[in-house]
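Read left to right, the sequence shown gives residues 107 to 386 (the numbering used here).
A quick write-up on the structure given underneath.
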Amino acid sequence: MNRAKTWTGMLALVCATLSPQFSSAHKIVTSDSENPSVAEKSVVVLQAADPVPFNAVKLNTVDLGASKSASSYRELLADAKLLAMKSDANIVKVMESKTRTGSDLKVTFYKAENPRAYEKEFGWTSSRKLVWDDFRGPVQHSMGHDVAAATFCGIGFETNTISAANPELKVVVYNTFYPTKSFVKTGLEKPEILAHEQCHFDICELYTRKLRAKMSKVKVSVETMKTTLRSLYKEVQQEYIQRQEMYEEETEHGIIGNEQARWEVMIAKELAATDNWKSQ
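Printed below as a string of structure tokens:
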């Protein structure tokens with residue numbers, strides 16, 4: 107009997123570098139840093155330690171940090187992806203990032219065949235459904251001999267740097283799927299198992315939207331920002347984990363077909379109801 111389990115990654119919080127002199131209340135502006143045109147095309151980000159594909163052609167190097175010091179790291183990466191597309195590149199390699207807020211982000215653009223083969227993470231988008239090629243991780247036998255597939259995904263957020271000159275606090279709420287950790291056992295690449303895994307990722311997107319909505323409704327100061335955002339994150343993360351566990355229990359890891367179908371319809375309806383907060 108095949109079972110399809112999930113593992114939910116707890117992403118580390120990335121907090122802003124703040125100016126202590128600036129302490130007035132801030133209305134939070136939430137976003138998903140991605141752009142729809144980027145989401146539909148394959149622009150892959152490689153970190154500094156990641157090797158460049160052997161067939162990649164180097165195009166040019168760009169420094170993004172100097173002109174947008176108030177942007178978050180992920181917003182700068184989104185800008186880099188747009189520039190890569192304009193340069194006919196499909197790989198963005200991070201060469202230098204002095205801080206996670208992107209105060210000095212330097213990237214190099216490459217063009218390579220099949221860039222998704224080198225992708226180590228990507229976010230949920232309405233235009234991209236999971237395929238078995240996204241499950242490239244080694245089988246983790248410690249999870250049990252009856253585990254057919256596993257989805258590694260999670261929710262996180264980061265902020266920009268605020269100051270008297272840049273008073274608007276931006277929070278980027280995102281989710282991540284990890285292809286090099288997610289896996290499927292050979293011979294079990296069945297459509298019903300893939301549908302079960304897709305619903306796990308859809309649930310991840312649903313609670314990403316819930317976190318985005320909650321964070322948009324609060325006002326914070328420099329003194330309260332860290333604790334307020336962490337508290338909201340922990341609250342939604344706990345709800346998210348409980349929902350994933352409920353999904354596994356009620357579908358018996360995708361084995362009960364009618365329950366699986368019910369969950370897919372239910373999550374689709376909840377996603378439709380939260381469309382204003384969706385990731386691109």
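Cβ coordinates follow ideal geometry from the N, Cα and C atoms, glycine included.
Quick caveat, the model's predicted, so the values are computed rather than measured.
In this structure, the alpha-carbon of Y280 lies about 11 Å from that of C259. Closest by C-alpha distance to M321, out of Y313, E311, L335, is L335. In the structure shown, the three-state DSSP call for I362 is coil. The secondary-structure analysis by DSSP pairs N281 across a beta bridge with I261. If you draw a straight line from the Cα of M352 to the Cα of Y339, it comes to about 20 Å. Distance from the CA atom of L189 to the CA atom of I362, rounded to whole angstroms, is 46 Å. Per the DSSP secondary-structure output, R234 pairs in a beta bridge with T231.
Secondary-structure assignment with DSSP links D169 through a beta bridge to K212.
K164 sits in a strand when the DSSP states are folded into three classes. The Cβ-Cβ distance between V278 and S178 falls below 8 Å. The stretch 153-169 and the stretch 237-246 do not touch, with fewer than 3 CB-CB distances between them shorter than 8 Å.
Cβ neighbours of K212 within its own chain (closer than 6 Å, five residues either side excluded): D169, M201, E202. The C-beta distance from T214 to K199 rounds to 5 Å, short enough to fall under 8 Å. Rounded to the nearest angstrom, the gap between the Cα atoms of H359 and V253 is 9 Å. Sequence-distant partners of Y216 (beyond 5 residues in either direction) whose C-beta falls short of 7 Å from its own C-beta, in its chain, are V158, A162, V163, K164, L165, A195, I197, K199.
L152 is bridged by DSSP to K199. In this structure, A255 and K287 do not form a Cβ contact; the two beta carbons are roughly 12 Å apart against a cut-off of 8 Å. K235 is positioned such that its CB atom lies no closer than 8 Å to that of Q153.
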